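Right, one structure below, let's go through it.
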Amino acid sequence: MGNSVRVRIAPSPTGSLHVGNARTALYNYLFARQTGGVFILRIDDTDAKRSSDADIEGVLYSFRWMGLDWDEGYGAGGACGPYRQSERLGLYQAHAEKLLADGHAYRCWCTPAELDALRKEAQRQRRAFRYPQTCLGLTAAERAARERSGAPYVLRFRSPREGSVDFSDLVRGDLSVDATELDDLVIVRAGGMPTYNFASVIDDSHMAITHVIRGADHLYNTHRQIPIAQALGFDLPAYAHLPLLTNPDRSKLGKRSGAVFVGDYAAQGYLPEAVVNFLALLGWNPGDTQEVFSLDELVSAFSLERVNKANAVFDLQKLAWLNGVYIRGVTVEDLAARCVPFLTDGGFVAPDDVDRTYLRDAVALEQERLKTLAEAPEALDFFFAAEVTPAPKLLIAKKQSPAGSLGALRQARERLAQLAAWEHETIEACLRGLASDLGWKAGQLFMPLRVAITGKTATPPLFETMVVLGRARTLTRLEAAAAALAASIE
RNA sequence: GCCCCCAUCGUCUAGUGGCCCAGGACGCAGGCCUUUCAAGCCUGUAACGCGGGUUCGAUUCCCGCUGGGGGCGCCA
């Protein structure tokens, strides 16, 4: 297994996992699992401005939530550690010195302000900005003077000036960029921190990454990284650039469209299974008509060859549908357990005082109605509320008078109170009998009763609801509803 | 502005020269079922961006255009 697949996901610790990065992680995971390879997690935290342990945990939490476990890397150990770039500075420094010594890199003293002015000028002249290699052209004396001055400097990579940088992408085919388009990019910042493109190349090589699978927004970075890797004498990994996820307006998925973090979807009551399934289908398809996949099924069905090139709009409606599919697919016990956090947040049940049986029976009635877990509090409110307050108007049966409706409510209460057994069949027989005695259609009677015991017009089936609610609650609510209707008639 | 990439129903997509007057899914509309709402089932709606080629024949190949996207940081 010396040449087995090794892939990595390298998030920067921003506290939240962007769904685009989640999709990239998923594809890396699927590819690794399918090939029997190794899935590695590296923390790319070379931007010291934003990097705390808490931020890392936030990102890792989302990976775990999706079920993407990594074999090697941050928190899992491995032979290529440490897996946090801020702890690998010595390695980058050694490579920087090597490039400096062999002329592939040079010091640059240009200040951010100077560069900014240059960029603006280039823009004014309507041409692409490229670092003019000012500091490369310094005379030995000038260079010595700057070095003596102790002024801060960065290290720039000396990009090739001729030819082109070519590679064959696993999803997009042959790609080429003319060397004249390449800039002398900064590889080490003032202060010694490496930049993304530099640290990434070194780590991918040192961690023996065989396939770099990342978003298409990195396409140009690949053209910039290849010369660096070559200058360092590294073997190149294979590359696969994934189509971008976009907003409905086709722009790169970002803040402007609301929820973009995995955590947002968890909070909105989406199941990880649905999110994973949905993300997998954005940019990839199995070649047949299957749409619902477990993570394991994805592992065997996935293939880089079937990844698309065109960007994909992140379509909430399809996610919602898939979420419903999964909600209906899990066991009632499982669903009830998943609803608990939302119910406790809504104040409907106390975390440590949940009547599991009652909760399970109530959830069972809403299972095929819920689109998200977050809907549970509102959907189940009447099961947990001390009382419901139906609008008197809704207690009046269709095509019947207020007085007649009041009578029906009272009779229903009386008859139900006398039932020997509180079961679906007995309740149904009782109420259908009442409707028939009244000369009403069943629906005419059932709707007011539904409103009386739940407070709303859209609910699970009436008899099941009464069974779960129990006789006591049902009778109390019928009584209260009758009183409310009576009051409104006067 | 410059460079690169992409282009099938509103959306996710199948399609690799004839099987396609383009298939599936979500959505939407209608129907069935039915005590409401759902779920389920059925039916319908809707697309190959445009113009040139190549070919007996183009959604499929080539070129151009148009449109869209990404990149152009001492962010990743």
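To convert a position in the first sequence, counted from 1, into my numbering, add 822.
The beta carbon of each residue, even a glycine, is placed where N, CA and C say it ideally should be.
These figures come from a predicted structure and were not determined experimentally.
>> Could you tell me the alpha carbon to alpha carbon distance between A1142 and W931, rounded to whole angstroms?
In response: Here residue 1142 is taken as the residue at index 320 of the first sequence, counted from 1. Here residue 931 is taken as the residue at index 109 of the first sequence, counted from 1. Going from the Cα of A1142 to the Cα of W931 covers about 53 Å.
>> Using a Cβ-Cβ cutoff of less than 8 Å, which residues in the same chain neighbour R1182 once the five nearest sequence positions on both sides are dropped?
In response: For the purposes of this step, residue 1182 is taken as residue 360 along the first sequence, with counting starting at 1. So the qualifying residues of the chain are V1154, E1155 and A1158.
>> Suppose you measure from the CA of P833 to the CA of I865; what does that come to, to the nearest Å?
In response: Taking the first residue of the first sequence as position 1, residue 833 is located at position 11. Taking the first residue of the first sequence as position 1, residue 865 is located at position 43. Spanning the alpha carbons of P833 and I865 requires a straight line of approximately 6 Å.
> Does the Cβ-Cβ distance between P835 and D891 come in under 7 Å?
Replying inline: The residue labelled residue 835 in the question sits at position 13 within the first sequence. The residue labelled residue 891 in the question sits at position 69 within the first sequence. No, Cβ-Cβ distance for P835 and D891 is not below 7 Å.
> Would you report the Cα separation of F1115 and L1103, rounded to the nearest angstrom?
Replying inline: Translated into the one-based positions of the first sequence, residue 1115 becomes position 293. Translated into the one-based positions of the first sequence, residue 1103 becomes position 281. Taking the Cα positions, F1115 is about 9 Å away from L1103.
> If we ignore side chains and look at the alpha-carbon of each, how far apart do G985 and A1001 end up?
Replying inline: Numbered from 1 along the first sequence, position 163 holds the residue referred to as residue 985. Numbered from 1 along the first sequence, position 179 holds the residue referred to as residue 1001. Between G985 and A1001, the C-alpha separation is close to 5 Å.
> Should E1312 be labelled buried (16 or more other beta-carbon atoms within 10 Å of its own) or exposed?
Replying inline: Taking the first sequence and counting its residues from 1, one reaches residue 1312 at position 490. Label assigned to E1312: exposed.
>> Only counting the same chain, and skipping five residues up and downstream in sequence, which positions put a Cβ closer than 8 Å to that of P954?
In response: Residue numbering aside, residue 954 sits at position 132 when the first sequence is read from its first letter. Only L940 meet the Cβ criterion.
> Whose C-beta lies closer than 7 Å to the C-beta of D1286 among residues of the same chain, with five residues either side of it excluded?
Replying inline: Your numbering for residue 1286 matches position 464 in the first sequence. In the sequence under discussion, the amino acid at residue 1286 is Glu, which differs from the Asp named in the question. Shown here for E1286: same chain residues with a beta carbon closer than 7 Å to its own, the five before and five after excluded, namely L1187 and H1246 in chain order.
> Apart from the five residues just before and just after H1045, which ones in its own chain have a Cβ nearer than 6 Å to its Cβ?
Replying inline: Here residue 1045 refers to the residue found at position 223 when the first sequence is read from its first residue. Contacts found: V987 and V999.
>> Can you tell me whether D996 is helix, strand or coil according to DSSP?
In response: Within the first sequence, residue 996 is the residue found at index 174, counting from 1. DSSP, read as helix, strand or coil, puts D996 in strand.
> From L1271, L1093 and V1034, pick the residue whose C-alpha is nearest to that of T846; which is it?
Replying inline: Sequence index remark: in the first sequence, residue 846 carries index 24 (1-based). The option with the nearest alpha carbon to T846 is V1034.
> Among V1289, I1218 and V1121, which has the Cα closest to the Cα of A1303?
Replying inline: Here the question's residue 1303 lines up with position 481 in the first sequence. Nearest C-alpha to A1303: I1218.
>> Quick test of your reading: I1031 and R886, contact by CB under 8 Å. State the CB separation rounded to the nearest angstrom.
In response: Counting from 1 along the first sequence, the entry for residue 1031 is found at position 209. Counting from 1 along the first sequence, the entry for residue 886 is found at position 64. Going by Cβ atoms, the distance from I1031 to R886 rounds to 22 Å, so no, they are not a contact pair.
> Do three or more CB pairs link the region 971 to 978 to the region 918 to 932 at distances below 8 Å?
Replying inline: The region 971 to 978 is in contact with the region 918 to 932.
> When DSSP builds the beta bridges, which residues end up paired with P1214?
Replying inline: As a first step, residue 1214 is located in the first sequence; it is residue number 392 there, counting from the start. Paired residues: none, contrary to the question.
> What's the C-alpha gap between A1089 and L1064?
Replying inline: Working through the first sequence from its first residue, we reach residue 1089 at position 267. Working through the first sequence from its first residue, we reach residue 1064 at position 242. The straight-line gap separating the alpha-carbon atoms of A1089 and L1064 is approximately 27 Å.
> Thinking just about the alpha-carbon of each residue, which of Y1087, L839, F1056 and Y905 is nearest to the one in L863?
Replying inline: By 1-based counting over the first sequence, the position of residue 863 is 41. Ranked by Cα distance from L863, the first of Y1087, L839, F1056 and Y905 is Y905.
>> If you reduce the DSSP assignment to three classes, tell me which class F861 lands in.
In response: What you label residue 861 is simply residue 39 of the first sequence in a count that begins at 1. Assigned with DSSP and collapsed to three states, F861 falls in strand.
> How many angstroms separate the CA atom of D853 from the CA atom of W1106?
Replying inline: Residue numbering aside, residue 853 sits at position 31 when the first sequence is read from its first letter. Residue numbering aside, residue 1106 sits at position 284 when the first sequence is read from its first letter. The amino acid occupying residue 853 in the given sequence is Phe; Asp does not appear at that position. Answer to the nearest angstrom: the Cα atoms are 12 Å apart.
> Hey, how far is the Cα of N1099 from the Cα of P1199?
Replying inline: Working through the first sequence from its first residue, we reach residue 1099 at position 277. Working through the first sequence from its first residue, we reach residue 1199 at position 377. One C-alpha to the other measures close to 25 Å.
>> Suppose contacts are defined by Cβ-Cβ distances below 7 Å. Is H926 in contact with A1053 by that definition?
In response: The count along the first sequence starts at 1 and reaches residue 926 at position 104. The count along the first sequence starts at 1 and reaches residue 1053 at position 231. Contact: yes.
> From F951 to L960, what does the alpha carbon distance come to, in whole angstroms?
Replying inline: For the purposes of this step, residue 951 is taken as the residue at position 129 of the first sequence. For the purposes of this step, residue 960 is taken as the residue at position 138 of the first sequence. Roughly 20 Å between the two C-alpha positions.
>> Classify A1201: buried if its beta carbon has 16 or more other beta carbons within 10 angstroms, exposed otherwise.
In response: For this step, residue 1201 is matched to residue 379 along the first sequence. Around the beta carbon of A1201, 16 or more other beta carbons sit within 10 angstroms, so the residue counts as buried.
> Which residues in the same chain have their Cβ closer than 6 Å to the Cβ of I1050, if we skip the five residues on either side of it in sequence?
Replying inline: Here residue 1050 refers to the residue found at position 228 of the first sequence. When the five nearest sequence neighbours on each side are left out, the beta carbons in the same chain lying within less than 6 Å of the beta carbon of I1050 are those of F979 and V1023, in order along the chain.
> Which stretch, first to last residue, makes up the beta strand (DSSP E) that contains I831?
Replying inline: Locating residue 831 in the first sequence gives position 9, where the first residue counts as 1. Note, I831: beta strand (DSSP E), R828 to I831.
>> For a test of the three-state rule: what should DSSP assign to M823, helix, strand or coil?
In response: Position 1 of the first sequence, counting from 1, holds the residue named residue 823. Bear in mind that a pLDDT of 46 at M823, under 50, signals an unreliable position, so the model cannot answer this.
> DSSP three-state call for E1247: helix, strand or coil?
Replying inline: As a position in the first sequence, residue 1247 is number 425, starting the count at 1. Per DSSP, reduced to three states, the secondary structure at E1247 is helical.
>> Assuming contact is defined by CB atoms lying nearer than 7 Å, are T1276 and F1204 in contact in what I supplied?
In response: Position 454 of the first sequence, counted from the start, is the residue given in the question as residue 1276. Position 382 of the first sequence, counted from the start, is the residue given in the question as residue 1204. Contact flag set, yes.
> Among the residues of its own chain, which have a CB less than 7 Å from the CB of T1211, if the five just before and after it don't count?
Replying inline: Sequence index remark: in the first sequence, residue 1211 carries index 389 (1-based). Counting only Cβ-Cβ distances below 7 Å, and skipping sequence neighbours, we find G1277.
>> Using a 10 Å radius around the Cβ and a threshold of 16 neighbouring Cβ atoms, would you call N1130 buried or exposed?
In response: On the first sequence, residue 1130 is found 308 positions in, with the first residue counted as 1. An exposed status is given to N1130, since fewer than 16 other beta-carbon atoms sit within 10 Å of its beta-carbon.
>> Output needed for L1241: all residues of its chain with C-beta closer than 8 Å, excluding positions within five of it in sequence on either side, in chain order.
In response: By one-based count along the first sequence, residue 1241 stands at place 419. The answer, listed in chain order, is T1248, I1249, C1252 and R1293.
>> Going by C-alpha to C-alpha distance, which of D1118, T933 and E1197 sits closest to G889?
In response: In the first sequence, counting from the first residue as 1, residue 889 sits at position 67. The residue among D1118, T933 and E1197 with its C-alpha nearest the C-alpha of G889 is D1118.
>> Helix, strand or coil for K1074? Go by DSSP, reduced to three states.
In response: Counted from its first residue, the first sequence places residue 1074 at position 252. In the three-state scheme derived from DSSP, where H, G and I count as helix and E and B as strand, K1074 is classed as strand.
> Is R855 helix, strand or coil when you go by DSSP?
Replying inline: Sequence index remark: in the first sequence, residue 855 carries index 33 (1-based). In the three-state reduction of the DSSP assignment, R855 falls in the helix class, which pools H, G and I.
> Is DSSP giving I1035 helix, strand or coil here?
Replying inline: Working through the first sequence from its first residue, we reach residue 1035 at position 213. Here I1035 sits in strand by DSSP.
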